[in-house]
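Engineer: Taking numbering that gives the first Met the number 0, the leading residue of the sequence shown gets 0, the next gets one more, and so forth.
Heads up, the beta-carbon is just placed ideally off N, CA and C, and yes, glycines get one too.
If you scroll down you'll find the structure; I have some questions about it.
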Amino acid sequence: MSITRQHLIDLARQETLQRADRGAVVSGYLMGSVASGDPLLGGTADIDLVLIHSSEPSQQRETVRLSHQIHLDIIHHSKEVYSKPSELRVHPWLGPALCEPIFLHDPDHFFERAQAGARGQFYRPDHTFARASAFLHRARQGHSLLGYSQRWLKFYLRAVMEAANAVASLDKFPAAGRRLTLDLAKQAEHFEYPAFYEGFLNLLGGDHMLAWNLPDMLSAWARAYDVASQGEHHLRIPAYRRDYYLHAFQAFIENGDPEAILWPLLQSWERVIAALPEVEENEIHFKAWIDFLTRVRLTERDKDQRAHMLGAYIDQNTAWIKAWGIRVGA
């Protein structure tokens, strides 16, 4: 059966209504690739569903397997999150999510009112500038934490993404997930600011891609994922998500976009390694991970240099965004 956008919307609506019938869910909406009209990648799709609860939800995030090809990625919010809609329009993530969602369930028009307030004057230059500045602030916060965490790469990758999204958000919406790199490449063309995309790739080791064997790296990633998904952290590393990533990686290669693999590969592999117990049988997976990091210059030894490069990238984007703000009167 072919997967259509409407089919994905119907599945999300069905899930939302079922949960609403059980109580607590007051509204539900779609954002992300299904809402924007381009849901499939490598024959698989994530449905980005947001459920709004009458009280504080018991969990903030969950994934649900609907089929081998289709998963729900659910974010849970309390009503309180939407209590000040005019402030949400300058939130770097929630503002864009509320700009063009797909309504699924809103019997009391709670979300409709919040969305109307957040969307009002969304594209006004000073509001756009505020969202970009918020991304820069988050990137600087992540940069400041690099020297204080054993999982420095986790904060580094997040900061790189947010520094890049500071620029991307000036056009429309920030980029995330498997399509992050592809979306940023399009934004760089739109702004005629190639240094923002080139800098993003270089911070991930994209300038060293010729030094590693892509099939070998993907095989090593898959083997580590299989082990992590069977352990005590299987809820955070669910087995059914393996092919969701792997099919996207293969699609990037087939489409001539191997650099698009870098961010989701690094981000997911870092989580997998963090979930693996430090026992002898896992040494092969730790070694493969370190070998990969060595090739892309992201080992512990590279941390100080990478932190310096990230700081320079944030400063460069800050200057460009300030110049943009002056041009448009923000």
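1. Check whether the Cβ atoms of Ile313 and Arg139 sit closer than 8 Å, and answer yes or no.
2. Going by Cα to Cα distance, which pick from Leu39, Val49 and Pro100 is closest to Thr15?
3. Could you check where the alpha helix (DSSP H) with Ala96 kicks off and where it finishes?
4. Determine the extent of the alpha helix (DSSP H) in which Thr317 is found, giving its start and end residues.
5. Excluding the 5 residues flanking Gly42 on each side, which residues of the same chain have their C-beta closer than 7 Å to its C-beta?
6. Report the option in Gly36, Asp37, Ile46 and Ala158 whose CA atom is closest to the CA atom of Tyr28.
7. Tell me the start and end of each unbroken beta strand (DSSP E) in the stretch 71 to 145 that is at least 3 residues and wholly inside, in chain order.
8. Around the Cβ of Pro106, are there at least 16 other Cβ atoms within 10 angstroms (buried) or fewer (exposed)?
9. Using a Cβ-Cβ cut-off of 6 Å (strictly less than) and excluding sequence neighbours within five positions of Arg157, which residues of its own chain qualify?
10. Give me whichever residues DSSP pairs with Asp45 in a beta bridge.
11. Could you tell me which of Ala227, Ser32 and Asp125 sits nearest to Arg326, measuring between CA atoms?
12. Use the C-beta contact count for Pro384: other C-beta atoms within 10 angstroms, 16 or more gives buried, fewer gives exposed.
13. DSSP has Leu29 in a bridge; who is on the other side?
Structural biologist: In short:
1. yes
2. Val49
3. Leu93 to Cys98
4. Lys302 to Val327
5. Gln68 and His246
6. Ile46
7. 101 to 104
8. exposed
9. Gly141
10. His70
11. Asp125
12. As displayed, the chain neither begins before 0 nor continues past 329, which places residue 384 out of reach and without an answer.
13. Leu48 and Ile101
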